[in-house]
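Contents: one structure, followed by commentary.
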Amino acid sequence: MSAQKKQREYYGKQFPKVAPENTIPLSALENTYALCRLLNHHQGFEMIREAEEKWGWVAPQSLVSTLWSEGCIIKSTLLENLAADSHSSVLDSELFQIAYKKGGADWEKVLSEAITLHIPVPCIAAAWQYFVGIKQEESFAHLIQAQRDYFGSHGIRLKENPNQSGLHGPWL
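Sequential numbering from 28 applies to the sequence shown in my numbering.
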């Protein structure tokens, strides 16, 4: 998108931004950044954990954090703190629990305000979508199956009768 300057200028004139009415406090942005940063680390560690299971790797979070904390790209004290944490998931860590209690409401406000003001915040939005999805008992993949049924007659199963197959939704 950064290389599409002419298109951005054109569409910026076609679809102007909403005039800002409010400002987002710096503290809300800081809290949001802290949460998104922790969630990004969580997702990275989850990918490594899945690779451990699939390929028999041994790469505990504490070891990976220690190694990465001395890197040239993501060197940070956050990784040192995660290395010292005994939880198997960043979401279960005290760091995340504290950050969420402190900034969970700010995170939602920042994202909502960014959407209202037409400010693109892809990393914040992606982290939010992941977080909302990871805590849902019902997966949003049901919508994908409904689309598969609509376009390819793949069939659906209803929660009320999961053993009955071959059903098709009333899509039209």
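All C-beta atoms in this analysis are idealised placements derived from N, C-alpha and C, irrespective of residue type, glycine included.
Bear in mind that the values here come from a model prediction, so they are computed numbers and not experimental data.
> Out of curiosity, what's the CA-to-CA distance linking Trp134 and Leu105?
Replying inline: 19 Å
>> Strictly by DSSP, which residues pair up with Ile151?
In response: BP columns for Ile151 are empty, so no partner.
> Straight-line CA distance for His68 to Ile75?
Replying inline: 11 Å
>> Taking its Cβ as the centre, do 16 or more other Cβ atoms sit within 10 Å of Asn58, making it buried, or is it exposed?
In response: buried
> Which whole-angstrom value describes the C-beta separation of Val85 and Glu77, a residue pair presumed to lie in contact below a C-beta threshold of 8 Å?
Replying inline: Actually they do not touch by this definition, with Cβ atoms about 14 Å apart.
> Gln88: buried (16+ other C-beta within 10 angstroms of its C-beta) or exposed?
Replying inline: buried
> Assuming Ser96 contacts Ala110 under a Cβ cut-off of 8 Å, what Cβ separation, rounded to an integer in Å, is found between them?
Replying inline: 7 Å
> Ala126 to His195, Cα distance in whole Å?
Replying inline: 44 Å
> Buried or exposed: where does Gly39 fall if 16 or more other Cβ atoms within 10 Å of its Cβ makes it buried?
Replying inline: exposed
>> Contact defined as beta carbons within less than 8 Å: I believe Phe167 pairs with Leu66. What is the distance between those atoms, to the nearest angstrom?
In response: Their Cβ separation, rounded to whole angstroms, is 17 Å, which puts Phe167 and Leu66 out of contact at 8 Å.
> Where does Trp82 land, buried or exposed, given buried means 16+ other C-beta within 10 angstroms?
Replying inline: exposed
> Over what stretch of residues does the alpha helix (DSSP H) that includes Lys162 continue unbroken?
Replying inline: Element bounds for Lys162: n/a, residue is neither H nor E.
> Since Gln139 is in the alpha helix (DSSP H), which residue starts that stretch and which ends it?
Replying inline: Reading the sequence as shown, one finds Ser at residue 139 and not Gln. Note, Ser139: alpha helix (DSSP H), 121-143.
> Where does the unbroken alpha helix (DSSP H) through Met74 begin, and where does it stop?
Replying inline: 53-82
> Over what stretch of residues does the alpha helix (DSSP H) that includes Val117 continue unbroken?
Replying inline: Run containing Val117: none; DSSP gives neither H nor E here.
> Who pairs with Asn188 in a beta bridge, going by DSSP?
Replying inline: Leu185
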